[in-house]
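To start, the structure itself, in structure tokens.
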Amino acid sequence: MQRTTRTIRRTALTVGALIASLGLPAGTAHADDTAPRIDLRVLVVSDGGPSTDAIAAELDAAGTPYTEVDLQQSGRSVIDAGFLADTVDGRPRAKFQAVVLPNDNPFPAGSAEMAALAAYEQTYAIPQVDAYTYARPEAGLQYPVSGGYSGSVDGVQAQVTAAGKAGPFAYLDGTVPFEDNSPTVGESYAYLSTPAAGADFTPYVDAPIPGRSSTRGSLVGEYRHDGRRELVVTFVYNQYQQQFRLLARGIVEWMTGGVHLGASRNYFAVHVDDVFAADDRWDTQLNCTPGDIDCPQGEGVTNPIRMTPADVDQAAAWESSRNFTLDLAFNGAGSVDQRADNNGVDLLADKLIADRDKFRWVNHTYTHAFLGCAQDTAVVPWKCATTTDGSTKWVSSTTISDEIATNRAWGQAAGLPLDTSELITGEHSGLKVLPQQPDDNPNLAPALTDNGVTWLGSDNSREPDQRQVGLATTVPRYPMNVFYNAGRAAEQVDEYNWIYTSRAQGGSGICEDHSDTSTCLSAPLDTSTGYADYIVPLETRIGLGHVLSNDPKPHFIHQSNLAEDRIAYPVLDGVLDGYDALFADNTPVVNLRMKDIGTELQRRAAWKTAVSAGQVTAYRIGDTVTVQAPGGVAVTATMPTGTTNGSTGFGSAYAGEVSGWTASAGAPLALALPSTTPSLSATVDVSHKAAATRTAPRTRVPAGATRQVPYTPDN
Numbered sequence: 093m094q095r096t097t098r099t100i101r102r103t104a105l106t107v108g109a110l111i112a113s114l115g116l117p118a119g120t121a122h123a124d125d126t127a128p129r130i131d132l133r134v135l136v137v138s139d140g141g142p143s144t145d146a147i148a149a150e151l152d153a154a155g156t157p158y159t160e161v162d163l164q165q166s167g168r169s170v171i172d173a174g175f176l177a178d179t180v181d182g183r184p185r186a187k188f189q190a191v192v193l194p195n196d197n198p199f200p201a202g203s204a205e206m207a208a209l210a211a212y213e214q215t216y217a218i219p220q221v222d223a224y225t226y227a228r229p230e231a232g233l234q235y236p237v238s239g240g241y242s243g244s245v246d247g248v249q250a251q252v253t254a255a256g257k258a259g260p261f262a263y264l265d266g267t268v269p270f271e272d273n274s275p276t277v278g279e280s281y282a283y284l285s286t287p288a289a290g291a292d293f294t295p296y297v298d299a300p301i302p303g304r305s306s307t308r309g310s311l312v313g314e315y316r317h318d319g320r321r322e323l324v325v326t327f328v329y330n331q332y333q334q335q336f337r338l339l340a341r342g343i344v345e346w347m348t349g350g351v352h353l354g355a356s357r358n359y360f361a362v363h364v365d366d367v368f369a370a371d372d373r374w375d376t377q378l379n380c381t382p383g384d385i386d387c388p389q390g391e392g393v394t395n396p397i398r399m400t401p402a403d404v405d406q407a408a409a410w411e412s413s414r415n416f417t418l419d420l421a422f423n424g425a426g427s428v429d430q431r432a433d434n435n436g437v438d439l440l441a442d443k444l445i446a447d448r449d450k451f452r453w454v455n456h457t458y459t460h461a462f463l464g465c466a467q468d469t470a471v472v473p474w475k476c477a478t479t480t481d482g483s484t485k486w487v488s489s490t491t492i493s494d495e496i497a498t499n500r501a502w503g504q505a506a507g508l509p510l511d512t513s514e515l516i517t518g519e520h521s522g523l524k525v526l527p528q529q530p531d532d533n534p535n536l537a538p539a540l541t542d543n544g545v546t547w548l549g550s551d552n553s554r555e556p557d558q559r560q561v562g563l564a565t566t567v568p569r570y571p572m573n574v575f576y577n578a579g580r581a582a583e584q585v586d587e588y589n590w591i592y593t594s595r596a597q598g599g600s601g602i603c604e605d606h607s608d609t610s611t612c613l614s615a616p617l618d619t620s621t622g623y624a625d626y627i628v629p630l631e632t633r634i635g636l637g638h639v640l641s642n643d644p645k646p647h648f649i650h651q652s653n654l655a656e657d658r659i660a661y662p663v664l665d666g667v668l669d670g671y672d673a674l675f676a677d678n679t680p681v682v683n684l685r686m687k688d689i690g691t692e693l694q695r696r697a698a699w700k701t702a703v704s705a706g707q708v709t710a711y712r713i714g715d716t717v718t719v720q721a722p723g724g725v726a727v728t729a730t731m732p733t734g735t736t737n738g739s740t741g742f743g744s745a746y747a748g749e750v751s752g753w754t755a756s757a758g759a760p761l762a763l764a765l766p767s768t769t770p771s772l773s774a775t776v777d778v779s780h781k782a783a784a785t786r787t788a789p790r791t792r793v794p795a796g797a798t799r800q801v802p803y804t805p806d807n
């Protein structure tokens, strides 16, 4: 990432005032030949609002250590000189590399805590993020009443400025669209304003001021004053909104100077289940799926949905056009049955096997059998069958092993490039499924071990956390709301209407019975237009939200969705087109296979545990970053391009920087930053008199200025 180098005005402190304010020993305060130690940890000061919570969530997801001080909590830590800095081995230490505040000054007038923060930031050149603040001169901006704007920015198309693209937001293409998901709900409130007269303020993200089309107001900008740097954000957000997700990386890179523990990438993987098999079809008259055990109205499967060779051609062409690889989860028995019923002919299998190297392949068991408890289908919904003593009847370990091994052997005989450590059972069966089966099949773990399975697909909607099943580790997968039993758009909409409308409207009434269901419909969708007009945009937004959340978990659909109307592609294209319109070429979607996703999740969990336990330390002195973590815990970090780890380069390129995992043997890891990396610390300039110990002014908003919830700048 290219960065603009700016001269930082040095703090105006007397040496005596500096030593007193920070508690540093006399004679050691930043001698020219002694760089201070800057710990790689962020201080987040929260008032319980959504904006500071969003930044904390971003740090959590990336694995960046931070300390949170909640201003609402009694008994909280007091932010004073000793809390912020001390000495280690005779060297001055700044305990935090950046400070995040709810706004530009959340403390009462005359606050000693704000004075301590200001002195600390000046002394060590520590950046401050104002998570959501009112536009006012104290933040480098004019009041909104002076030709600016206060109000909703729902649906606004903000832009990254030239300075933003040359600086912390270089990974974006330029447009930052603000969500407008409901015409009746206000989603984003902002203050748009221009820099105050004489202020050293650089907008990074701006938008047109309503009524002044030729004038743009800042939404995110940098304010430099009194030897301090503040990133001033003047719109409210939460961690789930797209506008924050787009800007979160830049906020972190700005406040850390691109040198921090943790890493963030944008991931997207799509598993296609039931390949070679045929999926049962939704019956629009019966409102169920004949062949499914919970469809008592009809047992016979009529007109099942199965891909054709032309669908394989389309899938391969789509992959090529998108530079994206699909993961095909296959059931070999589907082809065996097809050949048995058609005099040995299976054109679909022939085509898929011929094109096998164009896809990734995952064992989905041979027949797609249910591998949990033995199912009693005499009732709806089904229940687990029991023995005479009332205990649960389980599918045997032998049956499970046969499903795994037979499908593997079939795939290897067909030349499919398998990774035998991966497995997805049919319907994620064998794993617990509530309410009928509250425990895993006890025979599952031994069968996985016997067959060398170490990565097991699970349903994220049931179990969002990774866990162990014997020697295997689960990989939670997001189910896309594109149904397995729909090959036509009209079928998808009909079933969607059945699920998500009220009984009075001809639906199932699920929404009436479960108030937490978020996709309920006020009226049925038009079966001819509802898929393109409603379902596709909704599923696109949900999928893109996962991609923008540093979440590597895969999504899954079914082979039926690539057949007939090929209803999956509009959603997949929506996600990828939306992404391409937002991000620069140096920030591509990362498309991993299942075992690599599992490894990423596993490493994150171990790293999070080590950080939470205080077992990770990291700091920067000059151009060297030192990290220590427990042996066996891989270290994750983001550094400027050109950073080296010994004689080798560190990490891999992403979003204009380098990041990745590095093995740790328990000994300190030393990373050498390129010499062009801006220093985090400032040298005391004693040519001016003390001003840093003064409290930042708390000028009240003038009469007539609009001050809207959820942020009020005064206490």
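Using this note's numbering, the first residue of the sequence shown is number 93, and each one after it goes up by one. Where is the CB? At the ideal position from N, CA and C, for every residue including glycine. Computed from a prediction, not measured in an experiment: that's the story for all the values here.
Does DSSP put residue i in a helix, a strand or coil?
i, result
"Ile591", "helix"
"Ala702", "helix"
"Pro219", "coil"
"Trp374", "coil"
"Leu193", "strand"
"Ser489", "helix"
"Asp657", "coil"
"Val727", "strand"
"Leu809", "As shown, the chain starts at 93 and ends at 807. That puts residue 809 outside it, with no answer to give."
"Phe270", "coil"
"Pro770", "coil"
"Ala154", "helix"
"Cys612", "coil"
"Ala121", "Because the pLDDT of Ala121 is 34, which lies under 50, any placement of that residue in the model is unreliable, and the number read from its coordinates should be weighed accordingly. Three-state DSSP puts Ala121 in coil, outside helix and strand."
"Leu338", "helix"
"Arg500", "helix"
If residue i sits next to residue j, beta carbons under 8 Å apart, how far is it from one beta carbon to the other, in whole angstroms?
i, j, result
"Arg554", "Lys645", "Actually they do not touch by this definition, with Cβ atoms about 13 Å apart."
"Asn535", "Ser489", "4 Å"
"Val252", "Gly266", "5 Å"
"Leu617", "Tyr588", "7 Å"
"Thr156", "Gly354", "4 Å"
"Asp403", "Leu654", "5 Å"
"Asp372", "Gln651", "Between Gln651 and Asp372 the Cβ distance is about 12 Å, and since that is not below 8 Å, they are no contact."
"Gly436", "Phe368", "Wrong, their Cβ atoms sit about 15 Å apart, outside the cutoff."
Give a yes or no on whether the C-beta atoms belonging to residue i and residue j are separated by under 8 Å.
i, j, result
"Val137", "Val170", "no"
"Ala729", "His352", "yes"
"Val180", "Leu135", "no"
"Ala282", "Leu233", "no"
"Asp386", "Val525", "no"
"Ala506", "Trp486", "no"
"Ser493", "Ala539", "yes"
"Ala210", "Arg320", "yes"
"Val681", "Val639", "yes"
"Ser513", "Val561", "no"
"Leu684", "Gln558", "no"
"Asn533", "Asn499", "no"
"Val574", "Gly549", "no"
Closer than 7 Å by C-beta to residue i: which residues in its own chain qualify, once you throw out the five before and the five after it? Chain order, please.
i, result
"Pro300", "Arg308"
"Arg414", "Leu668"
"Asn543", "Ser493, Ile496, Ala497"
Thinking C-alpha only, which one of the options is nearest residue i?
i, options, result
"Thr491", "Gly724, Leu508, His460, Val472", "His460"
"Pro556", "Leu563, Ala624, Asn543, Pro571", "Pro571"
"Phe261", "Phe675, Thr768, Asp145", "Phe675"
"Asp447", "Asn499, Leu418, Lys475, Ala432", "Leu418"
"Gln707", "Val567, Pro760, Val663", "Pro760"
"Met509", "Ala217, Ile445, Gly167, Phe416", "The question names Met, but residue 509 in the sequence shown is Pro. The candidate whose alpha carbon is nearest that of Pro509 is Ile445."
"Leu463", "Gln334, Pro275, Ile516", "Ile516"
Would you say residue i touches the ligand ADP, meaning its beta carbon is less than 7 Å from a heavy atom?
i, result
"Val180", "The ligand ADP is not part of this structure, which contains no ligands at all."
Going along the chain, which residues of its own chain have a beta-carbon closer than 8 Å to the beta-carbon of residue i, five neighbours each way excluded?
i, result
"Gly278", "Ser244, Asp246"
Taking 6 Å as the limit between beta carbons, can you name the residues of its chain near residue i, skipping five residues before and five after?
i, result
"Pro269", "Gln249"
"Tyr332", "none"
"Ala582", "Thr619"
"Thr469", "Ile385"
"Pro275", "none"
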